[in-house]
Amino acid sequence: MTDHHIALIPGDGIGAEVLPPAQQVLDAVGARHGFAFTYTSYDWSCERYVREGAMMPEDGLDQLRDKDAILLGAVGYPGVPDHVSLWGLLIPIRRSFRQYVNLRPIRVFEGVASPLRAAAAGEVDFVVVRENVEGEYSEIGGRLNRGFPEEMAVQESVFTRGGVTRVLDYAFELAAQRGRKLTSATKSNGIVHTLPFWDELVAERGAVHPQVAWDQEHIDALAAKFVLDPARFDVVVASNLFGDILSDLAAAVAGSIGIAPAANLNPEREFPSMFEPVHGSAPDIAGRGVANPLGAIWSAAMMLDHLGHPEAAKEVTDAIAAVLAKTDVRTPDLGGSATTTEFAEKLLELL
Ligand code: NAD
Ligand code: IPM
Ligand code: MN
1 MTDHHIALIP GDGIGAEVLP PAQQVLDAVG ARHGFAFTYT SYDWSCERYV
51 REGAMMPEDG LDQLRDKDAI LLGAVGYPGV PDHVSLWGLL IPIRRSFRQY
101 VNLRPIRVFE GVASPLRAAA AGEVDFVVVR ENVEGEYSEI GGRLNRGFPE
151 EMAVQESVFT RGGVTRVLDY AFELAAQRGR KLTSATKSNG IVHTLPFWDE
201 LVAERGAVHP QVAWDQEHID ALAAKFVLDP ARFDVVVASN LFGDILSDLA
251 AAVAGSIGIA PAANLNPERE FPSMFEPVHG SAPDIAGRGV ANPLGAIWSA
301 AMMLDHLGHP EAAKEVTDAI AAVLAKTDVR TPDLGGSATT TEFAEKLLEL
351 L
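In terms of the UniProt record's numbering, the sequence shown is residues 1 to 351.
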């Protein structure tokens, strides 16, 4: 029996409410397919920060290093500044484990009322490939002259040939597998150094992947097309910040941010990859037991795929589709009145 050792980091707010259902789903499909999970759970969170002055222990990354994968809920809570909590836990994991691809699939499921008629069920099925370790998320910069009229803040963006090329190659290969096309998001009319460099590298990698049709769009126009005509997209590759914004936008177009999953991948498998819903800790609904668990469950399905269990992964995404199409049990973000637990139990019945 294959055994997978998973690091669980529930984190803050609804993070701790959506991970248990994901774990139940993993155990259920594992039992059916003849593999099992062992979990090590870590209390790394804003609560720990307040108690001990750090989001995770000094050797935290070393504790994760030997795990097969990491399943994370969400990080960040009022009381601890977001840049402190996120740069104390989530971002160091992404960077230290070279999780340079952040894969964020979007589907409009039958039974989900997308706010847009254009996004009919079944027609929208695309993936945002977000560069996950460089770009606009660099700690290079500083604050000067604090408190004076000439106070200033500077933050550099970092785009490297190697860093951009590897995520573009991942995106081109994914587009080749899916048999459709690649769209690159930039803004080279306004940003004159980094994003023209990105565009040049897209053209360069496009020549290496001649089987893939590709185009590029300015991020502003692309955002409008995500809303007006989301069915036209297949694989969308974007920098760290643009990919972040596009993935929340796409999730909203698909009906709720509560459904959207993410895989932070280290494609070379030198280190564990990390799976987490796109959403955050949602302090506005935390503690009420009404968070949508589908984003976490779909993220667990992406983890199954990564661990070499594509059939089990498909059973999970099929159960997500089934609970939405065949029942009216759903959490309030999808217009229902079910709790997290009721929704997850219905899904487990259909699994
Ligand atoms: P958020 O995603 O937590 O919430 C945005 C809105 O979506 C809220 O109205 C919330 O109630 C709703 N929502 C989110 N997930 C939901 C779910 N599963 N079911 C139903 N409704 C859901 O974004 P935010 O408010 O900008 O951030 C809150 C905190 O989370 C901040 O500290 C932020 O930095 C952090 N954050 C962490 C991650 C992460 O750990 N990966 C991601 C995003 C935000
Ligand atoms: C996400 C989040 C994080 C990001 C934040 C909380 C730092 O928004 O995972 O999408 O921007 O990467
Ligand atoms: Mn985000």
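For every residue, glycine included, the Cβ atom is placed at its ideal position computed from N, Cα and C.
Everything numeric in this text was worked out from a predicted model, so none of it was measured.
For Phe35, the uninterrupted beta strand (DSSP E) run begins and ends at 35-41, by DSSP.
The three-state reading of DSSP puts His218 in strand, counting E and B together.
Per the DSSP secondary-structure output, Lys181 pairs in a beta bridge with Ala213. Taking all protein chains in view, the Cβ of Asp82 is surrounded by fewer than 16 other Cβ atoms within 10 Å, so the residue is classified as exposed. If you check the C-beta of Ile219 against ligand 2, you find no heavy atom less than 7 angstroms away.
A direct Cα-Cα distance of roughly 10 angstroms separates Tyr100 from Ser273. Shortest Cα-Cα distance from Tyr77 to any of Gly88, Lys67, Ala69 involves Gly88. If one requires a minimum length of 3 residues, the beta strand (DSSP E) runs lying completely within the region 35-123 are 35-41, 69-74, 101-107, in chain order.
In this structure, Tyr77 has its CB closer than 7 angstroms to one or more heavy atoms of ligand 1. Look at Leu144 here: in three-state DSSP terms it is strand. For Ile259, the Cβ stays outside the 7 angstroms cut-off from all heavy atoms of ligand 2. With a threshold of 16 other beta carbon atoms within 10 Å, Met56 meets it and is buried. For Arg205, the enclosing alpha helix (DSSP H) begins and ends at 194-208. Distance between Asp199 and Ser188, taken at the CA atoms: about 8 angstroms.
Minimum Cα-Cα distance from Asp234 among the listed residues Ala203, Asp244, Ala250 corresponds to Ala250. For secondary structure counted as the beta strand (DSSP E) over 3 or more consecutive residues, the region 238-299 holds these complete runs in sequence order: 261-265, 273-277. The beta-bridge partner set that DSSP reports for Ala153 consists of Arg143. Distances taken from the Cβ of Val278 to the heavy atoms of ligand 2 include one shorter than 7 angstroms. With a cutoff of 8 angstroms on beta-carbon distance, Ala69 and Phe275 are scored as near each other. Just so you know, the alpha carbons of Ala263 and Val316 end up roughly 15 angstroms apart.
Rounded to the nearest whole angstrom, the C-alpha separation of Arg65 and Leu265 is 14 angstroms. Relative to ligand 2, Leu249 has its C-beta separated by 7 angstroms or more from all heavy atoms. The alpha-carbon of Thr165 is positioned some 24 angstroms away from that of Ala223. Across the set Pro196, Leu195, Ile259, the C-alpha of Ile259 shows the shortest separation from the C-alpha of Ser114. A straight-line Cα-Cα distance of about 53 angstroms links Leu324 and Gly147. Excluding sequence positions up to five before and after Ala175, its CB lies within less than 7 angstroms of the CB of Lys181, Leu182, Val212, Asp234, Val235, all in the same chain and listed in chain order.
The straight-line gap separating the alpha-carbon atoms of Val133 and Asp244 is approximately 12 angstroms. With three or more CB-CB distances shorter than 8 angstroms, the region 35-49 counts as touching the region 5-15. Secondary structure note for Glu131: its beta strand (DSSP E) is the uninterrupted segment 125-131. Judged by DSSP secondary structure, Ile320 falls within the alpha helix (DSSP H) whose first and last residues are 310-326.
As computed with DSSP, Thr186 is found in a beta bridge with His218. Scanning Leu228, Ala221, Ile257, Gly255 for the CA closest to the CA of Phe242 turns up Ala221.
Judged by DSSP secondary structure, Leu334 falls outside any beta strand (DSSP E); it is assigned neither H nor E.
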